[in-house]
Amino acid sequence: MASVDIHCDSITKRFGGTEVVIPFSVTLAAGQTTALVGPSGCGKSTILRMIAGLDTPDSGTVALGAEPPRTVARNGALAMAFQDPSLLPWRSARANIALGAELARKPVGDVDALIDLVGLGGFADHRPGELSGGMRQRVAIARSLISEPDVLLLDEPFGAVDAMTRRRLNEDLPPLWRSRGATVVLVTHSVQQAVLLSDRVLVLSPRPARVVADIPIALTGTRDSKLVQTAEFAALSKEIFAVLEDSI
Amino acid sequence: MTVLRLLLWLCVVLVLWEGALRLVPGSLLVSSPLAIAGYVSNNAALLARAALETSVNAAQGFVWGNLAAIGLGTIMIVFPRSARTLSAVCLLVFCVPLIASGPILRVLFGPGTGPQIALAALAVYYTTLLTLLVGLRAVSQTWTDLMRVYGRGPMSTLIRARARASLPYLFVGLQISAPAALLGAMIGEFTGAERGLGVLTLRAMRGLDTNATWALALIAALIAMIAYGSIGWLGQRVVAYRPVILLSAPAVSVRQRPWKYLLEIGFTTAFVLILWQVSMDALDLNRFFAKRPGDVWAFLAEAQNRNTVLSALAETLSFAVPGYLAGLALGAALAALVVLSPALNRATMPVAVALRAVPIITTAPLLVLAFGRGLVGTMVVVAVMIFFPTFVACQQGLRQTPGQVVDLFRSYDAGRWHLLRAAQIPAMLPAFFASARMAVPAALLAITTVEWLATGKGIGVLMATTASTSNYNMLWSCVVILAVVAVVVYAAVAAVEHRVLRIYANEQV
């Protein structure tokens, strides 16, 4: 599997009269997980959408490897999980997950293994209307993983998931995309989640977004719930909180 | 600016129209703009009187029909237990084709303007009621809960929250019903008035006067568009927000046991029959023309009468069903094709919405001129009548595809065709079925009107002849049979809808 790095080169975006992103440049290393944290409405989702090629920057360029995002998407090497699960209500959980492979023009792999992994065993044939909010979100995450993307974009992916499930997903999912060498960008409100899942945390200022801190997360040991209780983890979280508070 | 551009386009169309006819002279079907203008200027006084007459009748019916809708809507909200029965009765009344109630109203009211006004009211009340109910029910659960926390009842919620929240919806209903009022008034005139645009249309049709037919259709369309436009303008002044409305009765309730459903049908039927009998008796209407349920039953019990009605009905349906299916299929297919091209979609949307302002039935004489009085002409009228509302509804339905689902497909760079097939068409299904249901009475209205006006076939013409030969038993039986057919077909479509939507729209996620 190809490792793809992500280059944002002075990208800007404005909606109407509002500058949402002013020249924003960053390079995200291949195979790394980077978290974007920042206050609500700071433009982090817009940056993610530009990386996905859903929004086009007003100026500047985004490159995934050497390609523009649309080309990568056409090759089925990009996937995104949205804040809202956005499932097709007439498809079962299994068929919704398979949609990810279908859209990426890839053979549908082992859906059932993925279903078990996200803890939906026994619910594969249920339609979204019969699932809870957290279960729907897990379907959406599984859908983004089924195509084994090189670039995986997660926009508040565990927002509606209950605390217990979130803890399990935080532990179970990262090894999956790490082992495949995917480059992951994660947008989140949760400082703890950012530290737990990422190799690097970018703290953004209120709108228009600008990087106020670039913090490498060099934690040793497995990333699980025990790690959260270590002093190292607490120090990193504290540092990020401090930057966030200063920037507001 | 947009007005200027519109005028420019109008000029271009008129010049092309005139030019095309000059190139192909001797057309009996299509009049040239200059010929139509000539007819209008030669008959200006007559046309103005007729237009005024029709407009006044339509306006009166518009007021009565909408007052009725507001009253009914209020009752249904304040007394929710009454809502099911009331809406079933309203639907039943709506299902009776106007051209069928026309002759009956004519014998009840006599030659005056009563039937025109009553038909205009009948044509508008249901559309307004539907949109108003959507508005009245658009209040969130939190609001009603808030009212209940303070111990306030449904009346308080109605006054404080629902009334204001429903205003934008009411305006949409009023706007859409304005052309319908004109349509109702004209159909009333078809059934034997002395003055009005409908009378002139009938005369022009019978005299094969192409110029007059075109002039009358255009004048009717113009009046409808002016009414539609001015109510829209007023609505914009009063309420800024304009909701998107699917013009349709709500889909059948999913959690309903069959025996309960049958019980409800039986209850509603009994209610309607009693209402019919009691209202006729209370008004002390002459049994000679005001038939009661028992009379119709006795009349249809005789095999010969029954055969006459049923064979006329069979003839009518053999034309109506293909037209109905063709109209639905074309409307949905074109909406789906147009959505593939965003530019085309943007361009056709306002045109399609503007076409709601044209009472389509006024084009029926033109279509019959163009396509003849046979199978094709009849089918085309029915199909056109259904095509436009279906197209508009499906286009709106396609837009109901959630934005994030569209984003999901875009994030994989999936093609437009793939998006259409996997997400947009399923999202369109509720709108499609809603218009398929609403199209049932529309198709029956179209077919009976064409039969009445032009083709001389089927149950429409049976009603026309029995109305003039005073065979009122036959007339009432035809109306009852048509109403039954409308309700049965409506229920059949609703049953298919129920099965399909249980899969495709069991919950919006």
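Those protein sequence lines, which keep their order, are chains A and B.
Throughout, the numbering used here is defined as the position within the first sequence, counted from one, plus 621.
Throughout, the numbering used here is defined as the position within the second sequence, counted from one, plus 710.
Just so you know, even glycine gets a beta-carbon here, dropped at the ideal spot from N, CA and C.
Query, Result
"Distance between L877 of chain B and I780 of chain B (C-alpha atoms, nearest Å)", "11 angstroms"
"Chain-ordered residues of the stretch 1099-1123 of chain B with a beta carbon less than 7 angstroms from chain A", "P1112, Q1114, V1115, D1117, L1118, F1119, R1120, S1121, Y1122, D1123"
"8 angstroms contact criterion, which A810 of chain B and V1189 of chain B should meet: CB distance rounded", "4 angstroms"
"Cross-chain neighbours of M671 of chain A in chain B, by beta carbon under 8 angstroms", "Correct list: empty, because the minimum Cβ distance to chain B is about 12 angstroms."
"Three-state secondary structure assigned by DSSP to V964 of chain B", "Low local confidence applies: a pLDDT of 47 at V964 of chain B is under 50, so the model's placement there is unreliable, and no value is given."
"According to DSSP, residues forming a beta bridge with P689 of chain A", "Answer by DSSP bridge pairing: none, since P689 of chain A is not bridged."
"Helix, strand or coil at C800 of chain B [DSSP, three-state]", "helix"
"Host beta strand (DSSP E) of K634 of chain A (start-end)", "627-636"
"Span of the alpha helix (DSSP H), counted from its first residue to its last, around P878 of chain B", "873-900"
"Contact residues within the stretch 1125-1150 of chain B, judged by C-beta distance below 8 angstroms to chain A", "H1128, A1132, A1133, P1136"
"Backbone secondary structure at T784 of chain B - three-state DSSP", "helix"
"C-alpha gap between A828 of chain B and K634 of chain A, whole angstroms", "58 angstroms"
"Interface partners of S707 of chain A on chain D, CB under 7 angstroms", "Absent from the structure is chain D; the protein chains it does hold are A and B."
"Helix, strand or coil at L918 of chain B [DSSP, three-state]", "coil"
"Limits of the beta strand (DSSP E) - the one that D835 of chain A falls within", "832-837"
"Best match in B:S1051, B:R715, B:Y1182, B:L1040 for proximity to S1145 of chain B [C-alpha to C-alpha]", "B:L1040"
"Local Cβ density within 10 Å of R816 of chain B, reported as buried at 16 or more and exposed below that", "buried"
"C-beta neighbour in chain B for F636 of chain A, strict 8 angstroms", "no"
"Three or more C-beta pairs below 8 angstroms linking the stretch 637-654 of chain A and the stretch 809-825 of chain A", "yes"
"Cutoff 8 angstroms: A725 of chain A Cβ touching any chain B Cβ", "yes"
"N-terminal and C-terminal residue of the beta strand (DSSP E) that V824 of chain A is part of", "821-825"
"Continuous alpha helix (DSSP H) assignments of at least 4 residues falling wholly in the stretch 675-735 of chain A", "690-695, 714-724"
"C-alpha distance - E866 of chain A paired with G638 of chain A, whole-angstrom precision", "27 angstroms"
"Sequence-distant residues of its chain with Cβ nearer than 8 angstroms to I643 of chain A (five each side left out)", "T633, P829, A830, R831"
"When A:S846, A:R844, A:V732, A:S858 are compared against G836 of chain A, the one with the closest alpha-carbon", "Here the sequence assigns Ile to residue 836 of chain A, which means Gly is not the residue at that position. For I836 of chain A, the nearest C-alpha among the options comes from A:S858."
"Which listed residue (B:A798, B:T1176, B:Q770, B:N767) has its alpha carbon closest to that of L782 of chain B", "B:A798"
"Neighbour-count burial assignment, N996 of chain B, 16 or more Cβ in a 10 Å radius", "exposed"
"For E640 of chain A, three-class secondary structure by DSSP", "strand"
"Integer-rounded CB distance, given that L983 of chain B should sit under 8 angstroms from P1003 of chain B", "5 angstroms"
"Three-state secondary structure (DSSP) of A1008 of chain B", "helix"
"Residue interval of the beta strand (DSSP E) (run including L1085 of chain B)", "Careful: L1085 of chain B lies outside any beta strand (DSSP E), inside the alpha helix (DSSP H) at 1085-1109."
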